[in-house]
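Participant: Here you go, one structure.
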């Protein structure tokens with residue numbers, strides 16, 4: 001393996017390598033895939049897993065201890081997708097899956113035993129995982145909310161703490177067909193759902209539901225033409241307002257990243273076009289987004305010229321761009337995490353030159369001021385899918401020939417000393 005120094009003082013440090021790395025594959029499965037990585041408050045890690053068995057995909061959860069030790073693995077019977085995993089206070093884990101038969105399965109975090117399983121009908125849950133949106137949320141009363149859609153309506157499927165189905169909430173758009181993309185629960189018992197339309201001109205829509213299911217507001221962002229590209233992401237403000245990130249179509253037919261903030265009553269506080277939309281070569285779309293320290297937005301960017309991991313930090317109060325940074329790695333971001341110290345981590349996959357489509361996994365770390373700290377490329381993994389940042393460091397989820405790999409990296413190494421990346425000689 002070739003080590004390429006990306007910056008050079010003479011005193012070089014060792015390459016940025018994981019503190020620990022754990023790999024797991026489902027016993028007897030024809031394949032083992034993964035979806036998301038979540039961290040409980042005590043540091044325990046939970047992975048959404050998707051083993052392949054008898055020609056179909058199962059949904060399940062894998063527990064990993066904070067030191068990387070593999071714990072239990074639980075699979076839900078029958079075909080399904082592990083679209084989201086939600087650790088819940090009191091030692092429980094909610095597994096949510098979608099398609100035309102959305103479900104929530106409650107699992108004991110200590111033993112891996114199921115407590116209940118509730119399937120619902122009348123709405124569809126569709127996920128594009130590279131945008132890292134939330135499929136499930138929990139109210140202060142303990143009700144679980146699953147975002148879904150049905151024809152022209154956003155639907156919030158609801159389950160109480162014991163698994164009993166509650167009446168769903170609906171918002172009819174009148175726009176033929178919509179697609180709910182992300183959900184957050186609010187302190188008052190309500191929720192915010194953001195999503196997109198399919199009909200040209202319909203744009204992105206963000207709806208706040210009150211605790212009784214009533215509509216507080218329905219916000220629309222059309223961009224230049226009203227044609228939405230990709231998925232929209234939402235984060236909630238403490239007062240019930242929201243930040244939304246999405247990429248409407250630009251005049252050149254390319255996605256153009258935007259962000260906007262909505263007050264609790266639905267008033268638009270600010271709207272910002274983040275990319276240079278003067279040409280197809282200068283615009284970019286958004287990837288995953290995160291709300292970090294100071295209620296600022298960290299937004300992964302995907303440009304075509306050059307193709308590289310990029311990251312923008314946006315002032316959450318004003319919408320002003322604080323910094324716009326880029327790594328040297330030729331990749332698009334599939335995951336983003338922000339640590340309590342303000343550092344951020346992007347990850348995804350890049351193509352191996354001349355391989356006919358094979359990919360490898362890449363990471364890029366930035367400090368709170370947007371300075372590129374460290375980069376790492378993992379040749380033995382296809383890509384990094386999900387990440388969390390915490391006081392103990394970065395934890396990332398990847399997938400490769402051997403199955404699922406979860407790795408821990410430190411998040412406090414020196415910036416500006418020596419940047420190393422694993423290179424490839426063929």
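Residue numbers (full-length UniProt numbering): 1 to 426.
Glycine is no exception: its CB is placed at the ideal position from the N, C-alpha and C atoms.
Contact between the region 311-319 and the region 348-362: three or more CB pairs below 8 Å?
Facilitator: With a cut-off of 8 Å, the region 348-362 and the region 311-319 do not count as touching, because too few Cβ pairs lie within range.
Participant: Which partner residues of residue 437 appear in the DSSP bridge assignment?
Facilitator: Any question about residue 437 goes unanswered here, given that the chain covers just 1 to 426.
Participant: Excluding the 5 residues preceding and the 5 following residue 182 in the sequence, name in chain order all residues of the same chain whose CB lies nearer than 6 Å to its CB.
Facilitator: Around residue 182: 133, 134, 194, 233, 234.
Participant: Let me know the secondary structure DSSP gives residue 198 once reduced to three states.
Facilitator: Residue 198: coil per DSSP, three-state reduction.
Participant: Using DSSP with H/G/I as helix, E/B as strand and the rest coil, what is residue 425?
Facilitator: Residue placement at residue 425 is flagged as unreliable, the pLDDT there being 33, under the threshold of 50; the coordinate-derived value follows with that caveat. Coil.
Participant: Within the chosen definition, does the region 12-28 reach the region 374-382 through at least 3 CB pairs nearer than 8 Å?
Facilitator: With a cut-off of 8 Å, the region 374-382 and the region 12-28 count as touching, because enough Cβ pairs lie within range.
Participant: Quick check: what's the CA-CA separation for residue 83 versus residue 119?
Facilitator: Distance between the alpha carbons of residue 83 and residue 119: 14 Å.
Participant: So, for residue 75: in the same chain, excluding its five sequence neighbours on each side, which residues have a beta-carbon less than 6 Å away from its beta-carbon?
Facilitator: Excluding residues within five positions, the ones whose Cβ falls inside 6 Å are 58, 60.
Participant: When you compare each of 204, 141, 223 to residue 191 by their alpha carbons, which one comes out closest?
Facilitator: Closest by alpha carbon: 141.
Participant: Taking a contact to mean a Cβ-Cβ separation below 7 Å, would you say residue 152 touches residue 178 in this structure?
Facilitator: Against a cut-off of 7 Å, the Cβ pair of residue 178 and residue 152 comes out as a contact.
Participant: At a cut of 8 Å, does the region 38-47 reach the region 63-77 through at least three beta carbon pairs?
Facilitator: The region 38-47, when compared against the region 63-77, does touch it at the 8 Å Cβ threshold.
Participant: Taking the C-alpha atoms as reference points, what is the distance between residue 121 and residue 100?
Facilitator: Whole-angstrom Cα-Cα distance: 7 Å.
Participant: Could you spell out the range, first to last residue, of the beta strand (DSSP E) harbouring residue 114?
Facilitator: Start and end: 114-119.
Participant: Starting from the C-beta of residue 124, find all residues in its chain whose C-beta is less than 8 Å away, skip the five residues before and the five after it, and write them out in chain order.
Facilitator: Cβ within range, chain order: 98, 99, 100, 102, 148, 149, 150.
Participant: With which residues is residue 265 paired in a DSSP beta bridge?
Facilitator: DSSP lists no partner for residue 265.
Participant: CA-CA distance, residue 214 and residue 170?
Facilitator: Their backbone Cα atoms lie some 9 Å apart in a straight line.
Participant: Secondary structure at residue 293, three-state DSSP: helix, strand or coil?
Facilitator: If DSSP states are grouped into helix, strand and coil, residue 293 belongs with the helices.
Participant: Quick one: residues in its chain with C-beta nearer than 8 Å to the C-beta of residue 272, no 5 flanking neighbours on either side, listed in chain order?
Facilitator: Contacts found: 258, 259, 260, 314, 319, 320, 321.
Participant: Less than 7 Å between the C-beta atoms of residue 200 and residue 173, yes or no?
Facilitator: No. Outside cutoff.
Participant: CA-CA distance, residue 309 and residue 245?
Facilitator: Going by the C-alpha atoms only, they are around 18 Å apart.
Participant: Taking the beta carbon of residue 155 as the centre, do at least 16 other beta carbons fall within 10 Å, making it buried, or is it exposed?
Facilitator: Residue 155 should be labelled buried.
Participant: Are residue 361 and residue 384 closer than 7 Å when you measure CB to CB?
Facilitator: Yes, they are a contact pair.
Participant: Give every residue of the same chain whose Cβ lies closer than 7 Å to the Cβ of residue 70, excluding the five residues on either side of it in the sequence, and list them in chain order.
Facilitator: Closer than 7 Å at Cβ, skipping near neighbours: 22, 24, 64.
Participant: Have a look at the DSSP bridge pairing and note the partners of residue 95.
Facilitator: In DSSP, residue 95 forms a bridge with 85, 105.
Participant: Tell me the DSSP secondary structure of residue 129 in three-state form.
Facilitator: Helix at residue 129.
Participant: Going by other Cβ atoms of all chains shown within 10 Å of its Cβ, with 16 needed for buried, is residue 407 buried or exposed?
Facilitator: So residue 407 counts as buried.
Participant: Could you check what DSSP says for residue 334 in three-state terms: helix, strand or coil?
Facilitator: DSSP places residue 334 in strand when its eight states are reduced to three.
Participant: Run through DSSP, which three-state label would residue 415 get?
Facilitator: It is coil, neither helix nor strand.
Participant: Should residue 30 be labelled buried (16 or more other beta-carbon atoms within 10 Å of its own) or exposed?
Facilitator: So residue 30 ends up on the exposed side.
Participant: If I follow the unbroken beta strand (DSSP E) through residue 16, where does it start and stop?
Facilitator: Counting along the chain, residue 16 falls outside any beta strand (DSSP E), and DSSP gives it neither H nor E.
Participant: Determine the burial state of residue 398: buried for a count of at least 16 other Cβ atoms within 10 Å of its Cβ, exposed for fewer.
Facilitator: Buried, because 16 or more other Cβ atoms sit within 10 Å of the Cβ of residue 398.
Participant: Quick check on DSSP: helix, strand or coil for residue 326?
Facilitator: Of the three classes helix, strand and coil, the one that applies to residue 326 here is strand, per DSSP.
Participant: Would you decide whether residue 164 is buried or exposed? Buried here means 16 or more other CB atoms lie within 10 Å of its CB.
Facilitator: When all chains shown are included, residue 164 counts as exposed.
Participant: Taking the alpha carbon of residue 395 as the point to measure from, which residue in 296, 335, 414 has its own alpha carbon closest?
Facilitator: Residue 335 is the option with its Cα nearest to residue 395.
Participant: Indicate whether residue 409 and residue 393 have their beta-carbon atoms separated by less than 7 Å.
Facilitator: Going by C-beta atoms, residue 409 is nearer than 7 Å to residue 393.
Participant: Counting only beta-carbon atoms, is residue 288 nearer than 7 Å to chain D?
Facilitator: Among the protein chains of the structure shown there is no chain D, as only one such chain exists.
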